[in-house]
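359 is the number of the first residue of the sequence shown in our numbering; add one for each residue after it.
Take a look at the structure below.
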Amino acid sequence: MELGRATLLKEQQLKDQFDNLEKHTQSGIEFVERYSKFVKERSDIEISYAKQIRNLSKKYQPKKNSREEEENKYTSCRAFLSTLNELNDYAGQHEVIAENLTSQIITELSRYLTELKAERKSHFHDGRKAQQQIESLWKQLESSKRRFERDCKEADRAQQYFERMDADINVTKADVEKARQQAQMRHQIAADSKTEYSNYLTKFNQEQNEHYYTLIPNIFQKLQEMEERRIERVGVSMKTYAEVDREVLPIVGKCLDGMTKAAESIEPKTDSKQVVESYKSGFEPPGDVEFEDYGPGQTMKRTVSETSLSNSRGEAKERPGGGKSKGKLWPFIKNKNKSPKQNKEPLSNRFNEFMASKPKMTCLRSLRRGLSLKLITFNSHVRNLIEGSGPEDFSHLPPEQRRKKLQAKIDDINKDIQKEMDQKDALTKMKGVYEKNPQMGDPASVDPRLVEMAMNIEKLQSEVQKFEGWLAEVEGRLPSRSDPPRRQSGLYESQNSNSTMVDNNCAQDRESSPDGSYTEEQSSETQVKVAIANTPEFDDEFDDGDEETLPTIGTCKAVYSFEGHNEGTISVTEGELLFVIEQDKGDGWTRIRRNEEEEGYVPTSYVEVFLETNTKGAMTYI
359 MELGRATLLK
369 EQQLKDQFDN
379 LEKHTQSGIE
389 FVERYSKFVK
399 ERSDIEISYA
409 KQIRNLSKKY
419 QPKKNSREEE
429 ENKYTSCRAF
439 LSTLNELNDY
449 AGQHEVIAEN
459 LTSQIITELS
469 RYLTELKAER
479 KSHFHDGRKA
489 QQQIESLWKQ
499 LESSKRRFER
509 DCKEADRAQQ
519 YFERMDADIN
529 VTKADVEKAR
539 QQAQMRHQIA
549 ADSKTEYSNY
559 LTKFNQEQNE
569 HYYTLIPNIF
579 QKLQEMEERR
589 IERVGVSMKT
599 YAEVDREVLP
609 IVGKCLDGMT
619 KAAESIEPKT
629 DSKQVVESYK
639 SGFEPPGDVE
649 FEDYGPGQTM
659 KRTVSETSLS
669 NSRGEAKERP
679 GGGKSKGKLW
689 PFIKNKNKSP
699 KQNKEPLSNR
709 FNEFMASKPK
719 MTCLRSLRRG
729 LSLKLITFNS
739 HVRNLIEGSG
749 PEDFSHLPPE
759 QRRKKLQAKI
769 DDINKDIQKE
779 MDQKDALTKM
789 KGVYEKNPQM
799 GDPASVDPRL
809 VEMAMNIEKL
819 QSEVQKFEGW
829 LAEVEGRLPS
839 RSDPPRRQSG
849 LYESQNSNST
859 MVDNNCAQDR
869 ESSPDGSYTE
879 EQSSETQVKV
889 AIANTPEFDD
899 EFDDGDEETL
909 PTIGTCKAVY
919 SFEGHNEGTI
929 SVTEGELLFV
939 IEQDKGDGWT
949 RIRRNEEEEG
959 YVPTSYVEVF
969 LETNTKGAMT
979 YI
């Protein structure tokens with residue numbers, strides 16, 4: 359009985375140990391899951407931080423075609439841009455940290471947890487199976503033992519009954535023999551139970567020894583090894599966690615070194631020189647104010663300081679045109695290579711000079727042509743002035759800024775020319791290949807594109823010449839002029855009171871600035887419109903009814919579409935056939951006619967002209 363109690367005690371202790379181990383191993387798995395969750399949250403933080411850093415860098419990047427982009431020429435702005443770029447790379451390293459944490463720790467731990475749970479489940483299943491088997495053997499042993507005990511008791515009772523029957527003289531011999539046989543049978547059953555109990559006991563003892571000395575120790579050993587591997591894996595993950603940060607430190611250090619280098623590259627003197635170069639106007643200091651003597655019947659002209667920040671408002675109110683001059687501070691910047699003073703007059707003064715010029719009238723047709731072309735140019739300048747766009751020659755800028763703009767424009771056009779020439783050379787080589795190998799393509803298919811490129815190159819070259827002329831004017835290589843060259847095919851005379859009033863007003867406007875070159879005012883626009891409206895010569899002297907219809911001298915085909923917004927021009931569409939009534943006389947315009955009521959000028963480069971042989975031979979202008 360004591361042995362049974364000890365066995366039961368051991369079984370209970372063994373069961374308790376399994377429960378403890380099960381709780382401990384489950385706690386270890388939960389620890390790994392908690393650590394994996396910690397790493398995942400750190401990875402999410404790194405991704406979020408990298409995203410915010412990138413958005414911050416993008417937010418402060420200079421916008422295209424903005425003032426910030428122009429400020430990048432300063433070393434401080436370039437240093438800040440370099441800092442933003444390094445900050446972007448710095449954010450990239452935090453993304454690398456997040457990626458490495460995910461791939462090297464989170465993913466690996468997730469896979470390991472799956473394997474760990476399966477292994478733990480297998481070990482505890484084997485332990486429970488062994489425990490159930492030993493408990494089953496113990497129950498069988500107890501059952502055989504109780505049966506043996508019962509059979510022994512039955513045998514003892516049968517033996518005692520036989521002995522009483524045998525001692526009793528009143529019992530028949532048959533009853534005694536029956537009692538004896540019953541006692542022998544019970545003794546045999548008890549002997550069989552004893553043998554069975556002995557066998558079960560031997561088997562149980564063997565199984566018990568194997569259970570406590572082999573199976574359970576092996577299971578515990580496997581659980582111990584599993585737990586040690588888990589702890590070791592957690593340690594490796596923690597080491598990897600630190601190594602992931604350490605791997606990006608060199609690159610992060612380079613990013614920080616780049617920021618430091620960018621900060622050290624800031625040069626205040628260079629930036630201040632850039633400011634001087636950007637806003638250097640090239641104006642000369644104003645001359646001395648002349649002395650005006652007072653005389654009877656004379657009015658002394660009021661003078662205004664050219665360096666004053668605020669011009670006299672009263673003077674502006676007294677002007678007939680009613681326009682106010684804009685007060686300007688004209689900087690005195692020393693310029694070693696002094697550009698010639700640009701005396702660009704307001705648009706109204708140009709118109710007055712145009713109106714006041716004396717004509718050399720040869721014929722009404724030539725005068726009409728010159729007037730029309732002048733009006734086209736004049737209307738273009740008026741439109742630019744009203745819409746707020748600067749003139750093509752940048753004459754609204756100070757001389758030094760104008761020179762820079764013209765030089766930049768020339769460089770851009772030269773790049774376009776080089777690009778067109780490269781494409782033309784490539785097409786020429788392609789055409790040569792087609793001529794040698796007709797199966798590869800038709801050489802004639804390349805000709806239209808070559809012609810188009812040649813025309814583009816010719817246009818770009820003429821543009822370069824035009825801008826180079828303006829640049830030479832600014833740099834003093836050519837005589838100073840305020841406008842680009844215009845064809846003087848026809849002039850007319852106009853000396854009326856309106857043009858005189860416009861001249862006086864323009865002169866007063868020019869007194870409000872050092873040279874009157876760079877302030878196109880609203881009063882000038884008003885004066886121009888008044889002068890045009892009050893000029894009767896436009897309608898009376900050149901009436902269409904007084905001029906005979908011009909004969910047709912050839913035909914032309916529109917190579918490009920031309921809208922013809924200006925007065926005196928006519929709109930054409932690509933491919934349209936029209937009649938030529940006056941050929942180009944060197945000013946770049948050809949006069950054409952669509953029908954009896956529609957005629958006007960178009961750029962010569964926009965049409966392909968075919969003149970009749972009886973006029974100037976079979977000549978073609980493209």
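Even for Gly, the Cβ is constructed at its ideal location relative to N, Cα and C.
Got a sec? Which residues, its chain only, sit under 8 Å from residue i by beta carbon, not counting five neighbours each side?
i      : result
Thr460 : Lys398, Ser401
Ala513 : Ala541, Arg544, His545, Ile547, Ala548
Val822 : Ile768, Ile771, Asn772, Ile775
Gln491 : Glu565, His569
Is residue j closer than 9 Å to residue i when the C-beta atoms are compared?
i      : j      : result
Glu429 : Ala620 : no
Leu379 : Asp484 : no
Leu474 : Leu559 : no
Arg505 : Glu554 : yes
Phe562 : Leu467 : no
Arg334 : Arg544 : Look at the range of the chain in this structure, 359 to 980, and you will see that residue 334 is not part of it.
Met614 : Tyr448 : Note that residue 614 is Leu in the sequence shown here, rather than Met. Taking 9 Å as the Cβ cut-off, Leu614 and Tyr448 qualify as a contacting pair.
Gly396 : Val592 : Strictly speaking, residue 396 in this sequence is Phe, with Gly absent from that position. Not a contact, by the Cβ cut-off of 9 Å.
Glu442 : Tyr470 : Rather than Glu, the amino acid found at residue 442 in this sequence is Leu. Cβ distance not < 9 Å, so Leu442 and Tyr470 don't count as in contact.
Gly946 : Gly926 : no
Glu987 : Gly386 : With the chain running from 359 to 980 in the structure shown, residue 987 is simply not present.
Ile911 : Ile939 : yes
Lys782 : Ile815 : yes
Met813 : Val647 : no
Pro801 : Tyr792 : yes
Asp509 : Lys552 : yes
Helix, strand or coil for residue i, going by three-state DSSP, please let me know.
i      : result
Glu642 : coil
Tyr959 : strand
Arg400 : helix
Phe578 : helix
Lys767 : helix
Gly912 : strand
Arg591 : helix
Arg949 : strand
Val647 : coil
Ile744 : Residue placement at Ile744 is poorly supported in this model, since its pLDDT is 47, which falls under 50; the coordinates are not used for a value here.
Val965 : strand
Thr618 : helix
Leu936 : strand
Phe438 : helix
Could you check if residue i is buried or exposed, using at least 16 other CB atoms within 10 Å of its CB as the buried criterion?
i      : result
Ile950 : buried
Ser882 : Low confidence applies here, because Ser882 scores a pLDDT of 40, under 50, leaving its location unreliable; read the following figure in that light. Its Cβ being crowded by 16 or more others within 10 Å, Ser882 is buried.
Val960 : buried
Phe920 : buried
Ala548 : buried
Asn458 : buried
Thr618 : exposed
Ile411 : buried
Asn413 : exposed
Val965 : buried
Lys789 : buried
Arg604 : exposed
Pro608 : exposed
Val967 : buried
Phe825 : buried
Leu935 : exposed
Val930 : buried
Glu455 : Before going on, a small fix: residue 455 reads as Ile here, not Glu. Ile455 should be labelled buried.
Whose CA, out of the options, lies closest to the CA of residue i?
i      : options                        : result
Pro575 : Pro420, Met543, Phe376, Ala541 : Phe376
Tyr432 : Asp629, Tyr959, His481         : Asp629
Phe438 : Ile928, Gln451, Pro420, Glu453 : Pro420
Leu581 : Lys794, Glu477, Val602         : Glu477
For residue i, which residues of its own chain have a beta-carbon under 7 Å away from its beta-carbon, when the five flanking residues on both sides are left out?
i      : result
Asp533 : Met523
Ser434 : Ile624, Asp629
Gly616 : Ser440, Glu444
Glu970 : Ile911, Gly912
So with Cβ pairs under 9 Å, would you call residue i a contact of chain D?
i      : result
Leu499 : Although the question refers to chain D, the structure presented lacks it and comprises just one protein chain.
In its own chain, which residues sit with a C-beta less than 6 Å from the C-beta of residue i, not counting the 5 before and 5 after it?
i       : result
Phe1011 : Nothing can be reported for residue 1011, as the shown portion of the chain is limited to 359 through 980.
Arg760  : Phe752, Val832
Ile577  : His481, Asp484, Gly485
Leu808  : Leu785
Is any non-hydrogen atom of the ligand NAP found closer than 8 Å to the C-beta of residue i, if you look at the structure I gave you?
i      : result
Lys479 : You won't find the ligand NAP in this model; it holds no ligand whatsoever.
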